[in-house]
Every structure is written in structure tokens, then in C-alpha cells.
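Residue numbers (UniProt numbering): 9 to 249.
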Ligand code: SAM
């Protein structure tokens with residue numbers, strides 16, 4: 009069965025892009041199922057309130073556990089992995105995307121304000137795997153944009169979604185390095201020429217050049233990635249670069 013993704017949010021319209029472009033086509037072609045739910049459908053009061061003041065004081069509001077509890081009871085199932093975006097989470101990486109692409113059912117719970125009452129995650133964890141994840145060291149207003157980013161990263165790894173599966177294999181992070189620069193026609197543009205090696209037709213030379221570019225770029229922009237690379241994944245020539 010295709011991967012099913014459900015998103016619970018107070019701004020369902022924010023998730024409209026899930027129906028557009030590559031993702032929309034994947035849904036139409038049955039490679040992915042997507043459901044978007046309005047959290048307020050699980051409120052019982054006239055104001056449809058989803059937030060309340062924080063225990064212990066302080067600024068902002070916290071999302072109420074009762075509403076989230078009922079919503080997740082309805083949306084989650086036997087095979088669910090619950091994903092809760094939060095800047096206080098573990099980093100979401102390409103490795104996380106690869107893991108999620110093998111799941112059967114992902115439920116994303118979009119927080120707003122100061123986030124969701126922690127007991128919602130504690131309670132859900134009694135029945136299913138729960139991940140609190142961050143998409144980077146910055147603070148967004150709500151989880152919706154984080155969910156769009158994660159769903160896109162996961163969906164493009166699903167079989168059949170990308171026209172050319174090799175492009176996913178060659179992307180940044182797949183070998184632990186950043187991808188180097190790319191060029192297309194014309195050969196000279198605004199006085200800037202394409203690196204001659206790419207026009208040499210010598211594929212061994214081109215591969216070596218791409219690997220070097222990838223290594224230098226990673227060294228300059230993300231030295232932290234190089235440090236995490238196992239020694240065995242670098243050959244003798246790599247170490248000289
Ligand atoms: N009080 C929280 C804290 O300091 O950790 C910040 C809450 S933030 C203003 C509101 C919501 O935006 C969060 O509940 C989460 O859903 C989302 N969000 C903000 N930054 C995020 C990030 N870097 N990664 C994932 N989700 C994020």
C-alpha cells in the first residue's frame with residue numbers, strides 16, 4: 009500500500025501546496041495518500057478554543073491537550089508514526105527522510121503559539137513511535153511550513169515519484185557530502201565559461217572533478233559534515249583535495 013500522510017493543523021489552507029506540482033501528481037497517481045484535518049473540528053465549545061495560558065506563567069499560549077488527544081485518537085491508527093515539529097526537537101535530516109519513506113502511516117501534528125502540551129506526546133508514545141523533530145536552528149511561527157518541507161523531502165524518495173531516481177541518489181547528503189555546482193547551455197554566459205572538463209567527454213575525469221568540487225564545497229560550507237564522514241569513505245585522492 010502507498011504511504012499515507014495525515015496532517016492536523018488549525019490552518020488547513022496552509023497545506024494546499026501538498027496538492028500542487030510534484031506532490032499533487034504523486035497523489036493523483038496513487039503513489040502517496042494525503043489527508044489534511046482542521047484541529048478545531050475536535051473542539052466542543054462555541055469559541056472552538058485550542059489554546060490556554062501556560063502553567064508556571066510566562067508569555068504566550070499552549071495548545072490544549074484534550075483537543076489534540078481526541079484528534080490524534082481519530083487520525084492515528086495501528087501503523088502510525090507521529091511526527092511533531094518543534095525547534096526543540098532532534099534534527100530532521102536526509103537520513104530521517106529515508107526512514108520516513110519506508111513507513112506506512114505518518115501523522116504530522118502542527119503546533120502554534122508556544123507549542124503543544126507535552127502530555128499529548130507522552131500519551132501518544134504509549135501507543136506509537138513519536139518523534140519531536142526540528143527542521144533547523146531557527147524559529148517559525150507554526151509547524152505547517154516545517155511539515156511541507158518534510159513531506160516534500162520524504163515524497164521525492166518514494167518509488168515512482170521522481171522521473172529519474174538516479175537524481176535522488178546523486179543529491180547532496182546521499183554520500184554525506186554537498187553536491188557541487190551544475191551548468192547547462194550556453195557554454196559562455198555573461199563572460200562566464202562552463203568548466204572545460206565538463207565538455208571533455210572524459211567521464212572518469214568528470215567524475216573525479218565532481219568529487220573534488222563536492223569535497224571542497226563541503227569543506228568550505230559544512231566542515232561539520234566532513235568530520236562526521238567515516239574515514240573509509242574517503243580514498244587516497246580525496247584526502248589530498
Ligand atoms: N516555544 C517553542 C520553543 O521555544 O521551542 C517555540 C514554538 S514556535 C513559536 C511555534 C511552532 O512552530 C512550534 O510548535 C512548531 O510546530 C513550529 N516550529 C517553529 N520552529 C520550528 C523548527 N525549527 N522546526 C520545526 N518546527 C518548528
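Glycine included, every Cβ here is placed at the ideal spot set by N, Cα and C.
Three-state secondary structure (DSSP) of residue i
i           : result
residue 124 : strand
residue 13  : strand
residue 109 : coil
residue 45  : strand
residue 205 : helix
residue 175 : helix
residue 97  : strand
residue 88  : strand
residue 149 : coil
residue 183 : coil
residue 131 : helix
residue 162 : helix
residue 156 : helix
residue 232 : helix
residue 23  : helix
Residue i classed as buried or exposed, judged by whether at least 16 other C-beta atoms fall within 10 angstroms
i           : result
residue 146 : exposed
residue 37  : exposed
residue 243 : exposed
residue 200 : exposed
residue 108 : buried
residue 152 : buried
residue 144 : exposed
residue 213 : exposed
residue 29  : exposed
residue 14  : buried
residue 54  : exposed
Residue from the options whose Cα sits closest to the Cα of residue i
i           : options            : result
residue 230 : 245, 181, 13, 194  : 181
residue 179 : 47, 14, 103, 68    : 103
residue 134 : 169, 81, 236       : 81
residue 21  : 35, 40, 30, 45     : 45
residue 58  : 101, 42, 75, 65    : 75
residue 41  : 213, 115, 19, 49   : 115
residue 169 : 25, 210, 34        : 34
residue 94  : 150, 186, 65, 53   : 150
residue 137 : 85, 235, 197, 32   : 85
residue 148 : 130, 173, 121, 165 : 121
residue 248 : 228, 92, 223       : 223
Start-to-end residues for the alpha helix (DSSP H) that takes in residue i
i           : result
residue 1   : As shown, the chain starts at 9 and ends at 249. That puts residue 1 outside it, with no answer to give.
residue 77  : 73-83
residue 33  : 29-36
residue 248 : 244-248
N- and C-terminal bounds of the beta strand (DSSP E) containing residue i
i           : result
residue 139 : 138-142
Closer than 9 Å to chain B by CB, residue i
i          : result
residue 70 : In the structure shown, chain B cannot be found, because there is only a single protein chain.
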